[in-house]
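What follows is a single structure, written as structure tokens, with notes after it.
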Amino acid sequence: MPEAKNVTWAPFAKRDLRDIWRYYARVGSPEVADRLLREIDRAGVLLERRYHLGRKRDELMPGLQSVIVHPHTIFYRVSDASVEVVRVLHERRDFPGIFSKDETR
């Protein structure tokens, strides 16, 4: 099994999580929003050791990988020391359009 790495959440990913919570709290309930964020957080914990299992997404950004927590996709990059979650996006979002913007790099 690969060596464990520290998982960090980039500012855009933190903003995504806040927006996801607000949306699901509004259209569902705070409990629904909390449950979804717990699932996303669990996936983040799994990335500490299983970062190599993600789908390669070099077409969006060199070195980018992703895992799905339906209906969201967690996008991350792996370095020697850590796993950086760069975005958490709903499956209906325009991934190529978002990652073509300079601020997500």
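The opening residue of the sequence shown carries number -17 in the working numbering; numbering runs sequentially from there. Note that beta-carbon positions come from the ideal geometry of N, C-alpha and C, so glycine has one too. Remember, it's a predicted structure, so these values are computed and weren't measured experimentally.
How is the beta strand (DSSP E) around Arg69 delimited, first residue to last?
-> Counting from one through the sequence shown, the residue named residue 69 turns up at place 87. Where Arg69 is concerned, the enclosing beta strand (DSSP E) stretches over 64 to 72.
In whole angstroms, what separates the C-alpha of Ile22 from that of Phe77?
-> Residue 22 sits at position 40 when you count from the first residue of the sequence shown. Residue 77 sits at position 95 when you count from the first residue of the sequence shown. Computed Cα separation, rounded: 18 Å.
CA-CA distance, Thr(-10) and Gln47?
-> Taking the first residue of the sequence shown as 1, we reach residue -10 at position 8. Taking the first residue of the sequence shown as 1, we reach residue 47 at position 65. Their backbone Cα atoms lie some 14 Å apart in a straight line.
Buried or exposed (CB count within 10 angstroms, at least 16 for buried), Ile56 | Counting from 1 along the sequence shown, the entry for residue 56 is found at position 74. By the neighbour-count rule (16 or more Cβ atoms within 10 Å), Ile56 is buried.
Per the contact definition of three or more C-beta pairs closer than 8 Å, is the segment 33 to 47 in contact with the segment -6 to 8?
-> no
From which residue to which residue does the beta strand (DSSP E) around Leu46 run?
-> Here residue 46 refers to the residue found at position 64 of the sequence shown. From DSSP, the beta strand (DSSP E) with Leu46 extends over 46 to 51.
Under a Cβ-count criterion, where at least 16 other Cβ atoms within 10 Å of its own Cβ denotes burial, should Arg75 be classed as buried or exposed?
-> For the purposes of this step, residue 75 is taken as residue 93 along the sequence shown, with counting starting at 1. By the neighbour-count rule (16 or more Cβ atoms within 10 Å), Arg75 is not buried but exposed.
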